[in-house]
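Undergrad:
6 protein chains.
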Amino acid sequence: MTAAIRLHIVVPVTGMGVRDTAALEAALGPQVTVTCSRIDSGPASIESELDEAVAAPGTIAKVRAGAASGADAVVIDCLGDPGLEAAREVVTVPVLGSGQTSMHVAAMLGHRFSILTVLRRLIRVDEEKAPRYGLAGRLASVRSVDVPVLDLNHDRDQLVGSLAEEGLRAVSEDGAHVLVLGCTGMLGLAGAVAAALAARGVRDVPLVDPLPATLQVAAGLARAGLSHSRRSYPAPPVKDRPGYDTMLGAGPLRAGRGALAYRGR
Amino acid sequence: MTAAIRLHIVVPVTGMGVRDTAALEAALGPQVTVTCSRIDSGPASIESELDEAVAAPGTIAKVRAGAASGADAVVIDCLGDPGLEAAREVVTVPVLGSGQTSMHVAAMLGHRFSILTVLRRLIRVDEEKAPRYGLAGRLASVRSVDVPVLDLNHDRDQLVGSLAEEGLRAVSEDGAHVLVLGCTGMLGLAGAVAAALAARGVRDVPLVDPLPATLQVAAGLARAGLSHSRRSYPAPPVKDRPGYDTMLGAGPLRAGRGALAYRGR
Amino acid sequence: MTAAIRLHIVVPVTGMGVRDTAALEAALGPQVTVTCSRIDSGPASIESELDEAVAAPGTIAKVRAGAASGADAVVIDCLGDPGLEAAREVVTVPVLGSGQTSMHVAAMLGHRFSILTVLRRLIRVDEEKAPRYGLAGRLASVRSVDVPVLDLNHDRDQLVGSLAEEGLRAVSEDGAHVLVLGCTGMLGLAGAVAAALAARGVRDVPLVDPLPATLQVAAGLARAGLSHSRRSYPAPPVKDRPGYDTMLGAGPLRAGRGALAYRGR
Amino acid sequence: MTAAIRLHIVVPVTGMGVRDTAALEAALGPQVTVTCSRIDSGPASIESELDEAVAAPGTIAKVRAGAASGADAVVIDCLGDPGLEAAREVVTVPVLGSGQTSMHVAAMLGHRFSILTVLRRLIRVDEEKAPRYGLAGRLASVRSVDVPVLDLNHDRDQLVGSLAEEGLRAVSEDGAHVLVLGCTGMLGLAGAVAAALAARGVRDVPLVDPLPATLQVAAGLARAGLSHSRRSYPAPPVKDRPGYDTMLGAGPLRAGRGALAYRGR
Amino acid sequence: MTAAIRLHIVVPVTGMGVRDTAALEAALGPQVTVTCSRIDSGPASIESELDEAVAAPGTIAKVRAGAASGADAVVIDCLGDPGLEAAREVVTVPVLGSGQTSMHVAAMLGHRFSILTVLRRLIRVDEEKAPRYGLAGRLASVRSVDVPVLDLNHDRDQLVGSLAEEGLRAVSEDGAHVLVLGCTGMLGLAGAVAAALAARGVRDVPLVDPLPATLQVAAGLARAGLSHSRRSYPAPPVKDRPGYDTMLGAGPLRAGRGALAYRGR
Amino acid sequence: MTAAIRLHIVVPVTGMGVRDTAALEAALGPQVTVTCSRIDSGPASIESELDEAVAAPGTIAKVRAGAASGADAVVIDCLGDPGLEAAREVVTVPVLGSGQTSMHVAAMLGHRFSILTVLRRLIRVDEEKAPRYGLAGRLASVRSVDVPVLDLNHDRDQLVGSLAEEGLRAVSEDGAHVLVLGCTGMLGLAGAVAAALAARGVRDVPLVDPLPATLQVAAGLARAGLSHSRRSYPAPPVKDRPGYDTMLGAGPLRAGRGALAYRGR
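Spelled out as C-alpha cells, the structure:
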C-alpha cells in the first residue's frame with residue numbers, strides 16, 4: 031500500500047494568483063494532493079534574465095517552506111525554472127522545474143522538439159536552456175508568438191491561432207516532431223491548440239503542456255523514492271546572507287519532513 | 031475523476047519468467063494495474079547485439095498484443111530497449127524502454143550519471159545508447175560487474191558488493207552524481223546496493239532502479255494523455271514480411287483500444 | 031602476389047532479387063569475385079523501423095553463411111544497415127554496411143554531405159544514423175523524393191528528376207558539398223542523376239552510389255587484412271535463442287574461413 | 031587621441047571589502063581609472079547555487095549604478111559571474127564576468143584549460159559554465175583545493191602549494207595546457223603559484239589570474255567601442271518587481287552615460 | 031607604472047601595403063606603439079587554401095622577426111590566421127590571429143555570431159575555423175558578399191550595402207546576435223556598415239572589426255603578462271628545412287626580447 | 031573491364047627517401063601501379079606545426095605534378111596531412127591524406143580509436159585533427175612513444191615494445207577498440223606490433239597501418255570514379271604568388287589527365 035503523495039507548486043511571479051489545485055489533482059489519480067504558494071517578492075511575470083534573477087530568491091524560500099510543510103515533491107511553475115538549482119540545495123525532496131522536465135519528456139516522445147514561447151526575446155534564453163539540460167541535440171527550434179505573459183488571456187482565440195501557426199512552422203520548417211508549450215501561463219490551452227494544429231493538418235505531433243506533465247513526473251519520482259543528487263546539489267554552507275536571511279529562514283533549520291537540517295559544508 | 035491506468039510489461043527474453051506484477055503495482059498507487067507477457071521466441075537473455083536483434087521481433091509482437099488487449103502504456107523490460115522504435119510504430123499508446131527512460135530520469139536528477147551493467151561487452155553498447163537518446167553529455171561512464179544476466183541470482187551478496195564497488199568507482203573516478211542499475215534483472219537489489227554504497231561512504235548519489243522508475247513515468251504519461259510522436263514513429267507500410275506476418279498479426283488490424291489501425295503509408 | 035578477393039553481398043529484403051554480380055565485379059578490378067544471397071524471411075522492402083527489425087535476423091544468418099562459404103568481406107545491401115552490428119559479432123571477416131561506409135566516404139570527400147532518401151519517414155531514421163556513426167557534424171541534411179522502395183523503377187525519369195531537384199536543394203539550401211544516394215535500390219542511377227544535376231548547374235558535387243562505393247572499401251579492407259574490432263563486436267555467448275537457432279545455425283560452429291568458432295564468452 | 035577609460039568593478043559578496051583599485055589601475059596603462067563597489071545585500075561569499083542566486087539582484091543593481099555613474103565597462107568580480115546576463119539587460123556599456131572572460135582568454139592561449147576552484151562542490155558548477163559559454167570542448171577539467179573562500183587567506187603558503195599540486199595534476203593527468211585560478215579571491219597569488227608550479231617542473235603553462243585578465247579585456251572592448259549584443263540582452267520590460275524596485279531603481283530611468291533609458295518592450 | 035607596449039602587425043599578403051599604424055595606435059591609448067611588416071613571398075591575397083598555405087612560411091618568418099625586434103605581441107592581419115600555430119612555436123611573446131581573436135570576442139558579446147566573408151568559397155573555410163577554435167556552437171553562419179579581396183576598394187558603397195544586406199540576413203534568417211567583418215581588408219568600413227544596418231532596422235547587433243579588436247586584446251594580454259601555452263606550442267626541433275632555412279633565420283637563435291632561443295626538443 | 035589504376039605517393043619530408051613502391055603495389059592487387067615523389071624543399075621530418083607549414087608548399091607542388099603525370103589518385107605520406115586541403119584545390123583527381131583516411135577507416139572498424147604518435151608534442155596536433163575531420167566523438171586518445179621521426183629506425187625492437195605498451199594503455203585505460211600507427215615512418219612495423227600486443231593479451235583490436243590502408247581507399251575511390259568535392263575545394267584564383275610561382279608551376283596550366291586547367295574564379 032503506497033502512502034498518499036503531496037505535491038507543492040511554487041508560482042514564481044507576483045502578477046498571477048495561485049493555481050486551481052483541484053483541477054490539477056484530478057489528473058493525477060487518487061491519493062495525490064496538490065498545494066500551491068506564490069512568491070511574496072519578485073517580478074510580476076518572467077520575461078527577461080532580470081525577471082529570472084529577481085524571481086529566484088523568493089522561489090527558493092517558497093520551495094523550502096513547501097518542503098517544510100510536508101510536500102513530497104515541489105514543482106516550479108515556470109518554463110524558465112528560476113532558482114531551480116539553488117532550491118535543490120536547500121531541500122531533500124525532489125524539486126522539478128517545468129522547463130527541464132518538459133524538455134526531457136519531449137525528448138522521450140520523439141526525435142526533436144520545438145518550444146513555443148511568449149516573447150521573441152526568450153528564444154535565446156530557451157535555446158541556452160537545452161544544452162544546460164544536456165539536450166542540445168534534441169531541440170529543433172524555439173519560436174515565439176510575441177505576446178507578453180500577462181496578456182496571454184487577452185485574446186484567447188488569437189493566441190491559440192498563433193500557437194498553432196508557429197507550431198506548424200516548427201514542424202514543417204524546423205523538423206519538430208514534438209511541441210512544448212513555452213509558458214505555464216498557457217495552462218488549459220493544449221486541447222484548443224491541438225485542435226488548431228489538426229485543422230492545419232498536423233495530427234502526428236504530441237503537444238506537451240508543461241505544468242501537468244511536470245506534476246506527473248513529480249508524483250512518479252516521489253512514489254519511486256527518487257530525489258535529485260545531493261552530490262550535484264549539496265546543502266549550502268551556513269553563512270550570513272544579509273537581506274535574504276529572513277526570507278530564507280536561515281539559522282539551524284528545524285523544518286519538518288523533507289526540509290534540510292543545515293550542517294554546514 | 032481519472033480513469034484507471036493499465037500498464038503492460040513485455041519481458042523480451044525467453045530465459046526468465048514474467049514479473050510479479052502485484053509487487054510492482056503496489057508502488058504505483060491506486061487504480062493502476064500491471065500486466066506482463068513474455069516473448070515466445072528470442073534469446074534466453076540479452077547480452078550482445080545478436081541477442082538484441084533476435085529479441086526485437088517478438089518484443090514488437092508482444093507490445094502490439096499488449097496494446098490490443100487494452101493497455102494504456104507498454105514498458106519493455108530490458109535496459110537495451112530491444113525493438114523500442116519499431117514497437118512505437120505499431121501502436122498508438124506510449125511505449126517506453128527501461129533504458130531510455132532511466133537515462134532521462136537520471137539526467138533530471140543530477141549532473142552526470144553512470145550505468146552499472148552486467149558484462150564488459152555491454153559497455154560499448156550502453157555508451158552508444160546515450161548519444162542515441164540525445165544524452166551523450168550526461169553520461170559519466172558505463173562500468174560492469176562482469177556477471178552474465180542469468181547468473182545474477184547465483185550469489186546475491188557478491189553481486190551487491192560488486193555493484194557497490196563499481197558504483198563507488200563511478201562516483202570517485204568518473205564523476206558520476208547519479209547511478210543507474212544497468213539491467214532490469216537487478217530488480218529488487220536497489221535497497222541493498224544503496225546500503226552497500228552508504229557503507230562505502232557514498233550517501234549523496236541517487237540510484238535509479240530502471241523498471242520501477244520506467245513504470246512511474248509510463249503511468250504519468252498515460253495519465254497526461256501523452257504518447258510518442260507519430261511523426262517520429264509513423265505506422266509502417268502494409269507489405270509482406272514473410273516469416274513474421276503471423277507473429278506480428280499483420281493484415282488490416284481490428285485491435286482494441288490503443289492498437290493501430292493500419293492504413294498503409 | 032595478392033590472393034584473389036571474394037566479396038559477398040547480402041540483400042536484406044525479400045521483395046527484390048539478387049544482384050547482377052558480374053556488373054559489380056567489373057568495377058572492382060581483376061581477381062575480385064562477388065557473390066550475392068538474399069534473406070529468406072523478412073520484409074519485402076525496408077521503409078520503417080519495423081522493417082529494419084524483421085530484416086535483421088535473416089541478414090545476420092546470411093552474413094554468417096556468406097563468411098562460412100569463404101567470403102573475405104560481406105556487404106549489407108541497404109542504407110539502413112540492418113543487423114550490421116550483430117552480424118559483426120558472428121563472423122571475423124569484415125562486415126560493411128552500405129550506410130555507414132557511404133557516409134564515411136562522403137565525409138572524406140568534402141565538407142558536409144546530404145542523403146537523398148526514398149520516403150519522408152526515413153529522414154529521421156537517417157538523421158539518427160549519422161551521430162551513431164560519429165558523423166553528426168558532417169551531415170548537412172536528409173531529403174526525400176517520397177517514392178516507396180518497390181516503386182523506384184516505375185518511372186525512372188521522374189525519379190532521376192526528383193533526385194536532382196532534392197540534390198539541388200540540398201546543395202543550395204542546406205550547404206551540402208557531397209550527395210549520397212539514399213537507397214541501394216537506386217543502383218545504376220548515379221550517372222543519370224549526375225547529368226540531371228549538371229543540367230541544373232550543379233557540377234562540383236560528388237555523388238556517392240552506396241553499393242559500388244561500399245564494395246570498393248570492402249575489397250580494400252580485405253586486401254589490407256583489416257576487419258572490425260572484436261573488442262567492439264565480440265562473439266555472442268552460447269545460449270538458447272528459440273525461434274532463431276535453426277536460422278542462425280547455432281551450436282559449435284565448424285564453418286570455413288572467416289566464420290567464427292563460438293567459444294562462448 | 032583616445033578618451034580616458036573608466037572601469038567599474040562590482041564585488042558580488044558582502045564578506046569582503048572593495049578592491050585596492052590603485053594596484054589594479056597600475057597594470058592597465060595610462061588613462062584608465064578603476065572604481066569599485068560592493069553589494070549591500072547578498073552572501074558573505076559565493077560557494078553554492080544559493081549564494082549565486084542571492085548575489086544576483088544586488089550585483090545587477092550595482093552594475094546599473096556603476097554604469098549610471100559613468101563607467102565605460104563593468105566587471106563582476108567573481109568566477110561564478112552572478113547576475114551577468116541580467117546585468118547586461120539593464121545597461122548598454124559592456125558587462126564582463128570574470129568567469130566567462132577568463133575562460134575565453136584561456137581558450138585563446140592554448141589547447142585545453144583547467145580551472146582550480148575553491149570547494150569540491152563548485153566543480154559541477156564550473157563544469158556547467160563551460161558549455162554555457164560555448165567552450166565545452168576546451169575545458170580539460172575543474173579541480174579544487176577544498177578551501178572555503180573566506181579561509182583563502184588563512185594559510186597562504188599552504189594554499190599556494192595546494193594550487194600548484196592540483197595544477198600539476200591538471201597538466202599531467204587531465205591534459206591541461208592552460209590554468210585558470212578559479213576564484214577572484216585568489217588575486218595576488220598568481221606569481222607564487224607560477225613559481226610553485228615551476229618548482230614542480232611545470233614551466234610551459236600560462237596561469238590566468240581572472241580579475242586582472244578580465245579588466246584588460248574590458249578596457250580593450252571599451253576602447254574598441256564594443257558592447258554586448260542588445261539582441262541577446264534586450265532591455266527588460268517595465269513592470270512591477272515588488273521587493274526589488276527600490277534596489278534596482280526602477281521606473282523610467284534617467285541615468286547618465288551608459289545607463290539604459292527604459293522604453294519597455 | 032606599466033611599461034610601454036609594442037605591438038607588431040604582420041600583413042600576410044604581397045598584394046597590399048603595410049598598415050597606417052598611427053591610425054591604429056590612436057585607438058589603443060597612450061604608451062602603445064604599433065609597427066607593421068609585410069611578407070616578402072606569398073600570395074597577393076588570401077582567398078583559398080592554397081593562398082593560406084603559401085602565406086604561412088613568410089608569415090612565420092615575419093612574426094619571428096617582429097618578436098626579435100622587440101614586439102610585446104604580434105598580430106596576424108588576416109581572418110584566415112595563416113601560420114598562426116606555427117608562428118606561436120617560434121616566439122615566446124603572444125601571437126594573435128585576427129580570426130581566432132575576433133571569434134572569441136564575438137562569443138563574449140552575445141549568443142551566436144555570423145561572419146561576413148569576401149568570397150563564397152571561403153564559407154567552408156571559415157565554418158571549419160569555428161570548431162577548430164572550440165566555438166562551433168557559437169557560429170550562426172558564414173555569409174559572403176562575393177567580392178575578391180583585391181576588389182574590396184573598387185566600389186565602397188556597393189560593398190557596404192552588400193555587407194549590410196548579408197548582415198541583415200544573418201540576423202533575421204540565421205539567428206546571429208553579433209556580426210564579424212570577415213576580412214581585415216574591410217578595415218575602416220565598420221562605421222558605414224553599422225549605419226547601413228541601422229538603416230535596415232538592425233540596431234541591436236554589435237559589429238566586430240577584426241584587426242582593431244585583435245589589437246586591443248593583444249595589448250591587454252601583453253600588459254597582463256600572458257602568452258600562449260608553450261605546452262600547446264613548444265619550440266620546434268632543430269633540423270634542416272631546405273628552402274626555408276634562410277627565410278626563417280634558423281640555426282641557434284640569438285634574437286632579442288621575446289624571440290625564442292632554440293634548444294631543440 | 032576496368033582500366034589500370036595509377037596511384038602516386040608524395041613524401042612530404044626531405045629527410046627520407048622515396049618508397050619501395052613494388053612492395054606497396056603487391057598488396058593492391060593486379061593492375062595497380064604506384065609511383066612516388068619527394069618534396070624538394072621543406073622539413074627533414076614533420077614534428078611540429080612549423081614543419082607542417084613548410085612542408086605544405088612543396089607537397090602541393092608534387093601533388094600537382096603527380097596528377098599532371100597521369101595519376102588517378104594521390105596520397106600524402108604523413109599522418110599530419112600537410113597541404114591536403116590546398117592540394118585538393120589544384121587537382122581534380124582524389125587526394126588522400128594518410129591521417130584523415132586512417133581515422134575514417136578506424137572509425138568504420140570499431141567504437142573508438144587511439145593514435146600512437148611519435149612525440150608527445152604531437153598529441154595536441156593529432157587531437158585537433160579528429161574534430162577537423164568530423165570524428166571527435168570517435169577518438170579515444172592520442173599516446174606517444176616519445177621517439178623523433180628520424181630515430182624510428184634506431185632501435186626497432188624497443189620501438190615495437192613502446193608501441194605495444196602504449197597500445198595496451200590505450201586499450202585498457204582509454205577505452206580504445208582500434209589502434210592507428212601514428213606515423214607513416216612506422217611502415218612495416220604493424221605485424222611486429224600486433225604480435226607484441228598479442229603477447230600482452232590484446233588480440234581483439236585491429237591495428238591500422240596508415241599508408242597501406244590509405245592506398246587501398248585511394249584505389250577504391252579511383253575505381254569508383256569518386257573524387258573530392260570541387261564545391262569544398264574549388265580551383266584557386268589566378269593571381270601572383272611571388273616565391274611560389276615557379277614551384278607551383280602557375281600560369282594557365284596545360285597539364286595532363288587529372289590536372290586542373292585554371293580558369294580563375
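Protein chains in written order, with this note's numbering: chain A, 31 to 295; chain B, 31 to 295; chain C, 31 to 295; chain D, 31 to 295; chain E, 31 to 295; chain F, 31 to 295.
We treat Cβ as the ideally placed atom computed from N, Cα and C, and that holds for glycine.
Would you identify the three-state DSSP class for E:Ala194, choosing helix, strand or coil?
TA: helix
Undergrad: A:Arg154 touches chain E at which residues, Cβ-Cβ below 8 Å?
TA: His141 and His207
Undergrad: Could you name the residues of the same chain whose beta carbon sits closer than 7 Å to that of E:Asp176, not counting the 5 residues immediately before and after it, in chain order?
TA: Leu149 and Arg150.
Undergrad: Can you list, in chain order, the residues of its chain whose CB lies under 6 Å from that of C:Ala243, leaving out five sequence neighbours each side?
TA: Scanning its chain for C-beta atoms nearer than 6 Å, with the 5 sequence neighbours on each side dropped, one finds around C:Ala243 the residues Ser132 and Val135, in chain order.
Undergrad: Where does C:His184 fall in DSSP's three states?
TA: Coil at C:His184, not helix or strand.
Undergrad: First and last residue of the beta strand (DSSP E) that includes D:Gly29?
TA: A question about residue 29 of chain D goes unanswered here, because the residues of chain D that appear run from 31 up to 295.
Undergrad: Among residues of its own chain, excluding the 5 on either side of B:Leu278, which ones have a beta-carbon nearer than 8 Å to its beta-carbon?
TA: Pro87, Ile90, Ala91, Arg94, Val120 and Arg271
Undergrad: Looking at chain A, which residues of the segment 49-70 of chain B have a Cβ within less than 8 Å of any of its Cβ atoms?
TA: Ala56, Ala57, Leu58, Gly59, Pro60, Gln61 and Val62
Undergrad: In whole angstroms, give me the CA-to-CA distance for C:Gly72 and C:Thr44.
TA: Going by the C-alpha atoms only, they are around 6 Å apart.
Undergrad: Could you give the first and the last residue of the continuous alpha helix (DSSP H) run that contains E:Ala85?
TA: Glu79 to Ala98
Undergrad: Along chain D, in chain order, which residues have C-beta atoms closer than 8 Å to that of E:Leu193?
TA: Those do not exist, as E:Leu193 stays about 17 Å from chain D at its closest Cβ, beyond 8 Å.
Undergrad: Could you check whether the Cβ of F:Val185 sits closer than 8 Å to any Cβ belonging to chain E?
TA: What sits at residue 185 of chain F in the sequence shown is Asp, not Val. Taking Cβ atoms only, chain E never reaches closer than 8 Å to F:Asp185, which makes this a no.
Undergrad: Got a sec? Which residues, its chain only, sit under 6 Å from E:Met266 by beta carbon, not counting five neighbours each side?
TA: Checking the displayed sequence, the identity of residue 266 of chain E turns out to be Pro instead of Met. Glu119, listed in sequence order.
Undergrad: Under 8 Å, do F:Val201 and F:Val232 count as touching if we go by C-beta distance?
TA: yes
Undergrad: Within 10 angstroms of the Cβ of D:Thr214, are there 16 or more other Cβ atoms? Answer buried if so, exposed if not.
TA: buried
Undergrad: Tell me which same chain residues have a C-beta within less than 7 Å of the C-beta of C:Ala289, skipping the five on either side of it?
TA: Bear in mind that the predicted position of C:Ala289 carries a pLDDT of just 40, short of 50, making it too unreliable to give a figure here.
Undergrad: What residues in its chain sit with their C-beta under 6 Å from that of E:Thr63, if we drop five residues either side in the sequence?
TA: Excluding positions up to five away in sequence, the list reads Arg36.
Undergrad: Looking at C:Ala101 and C:His38, is the spacing between their C-beta atoms short of 8 Å?
TA: A distance below 8 Å separates the beta carbons of C:His38 and C:Ala101.
Undergrad: What do you get for F:Gly47, buried or exposed, if any count of 16 or more other CB atoms within 10 angstroms of its CB means buried?
TA: exposed
Undergrad: Around the Cβ of B:His184, are there at least 16 other Cβ atoms within 10 angstroms (buried) or fewer (exposed)?
TA: exposed
Undergrad: Can you tell me whether E:Gln188 is buried or exposed, with buried defined as 16 or more other CB within 10 angstroms of its CB?
TA: exposed
Undergrad: So what's C:Arg36 in DSSP terms, helix, strand or just coil?
TA: Looking at C:Arg36 - three-state DSSP - the assignment turns out to be strand.
Undergrad: Just the C-alpha distance for B:Cys108 and D:Pro236, rounded to the nearest angstrom, thanks.
TA: 49 Å
Undergrad: Under 6 Å Cβ to Cβ from E:Gln61, same chain only, skipping five residues before and after it: list those, please.
TA: Result list for E:Gln61: Ala34, in chain order.
Undergrad: What span of residues does the beta strand (DSSP E) with F:Ala103 cover, start to end?
TA: Ala103 to Ile106
Undergrad: For A:Glu119, go through chain D and note every residue whose CB falls closer than 8 Å to its CB, in chain order.
TA: Per Cβ cutoff of 8 Å: Ser78, Glu79 and Leu80.
Undergrad: Does any residue of chain C bring its CB to less than 8 Å from the CB of B:Val84?
TA: At least one chain C Cβ lies under 8 Å of B:Val84.
Undergrad: DSSP state of F:Leu256, grouped into three classes?
TA: coil
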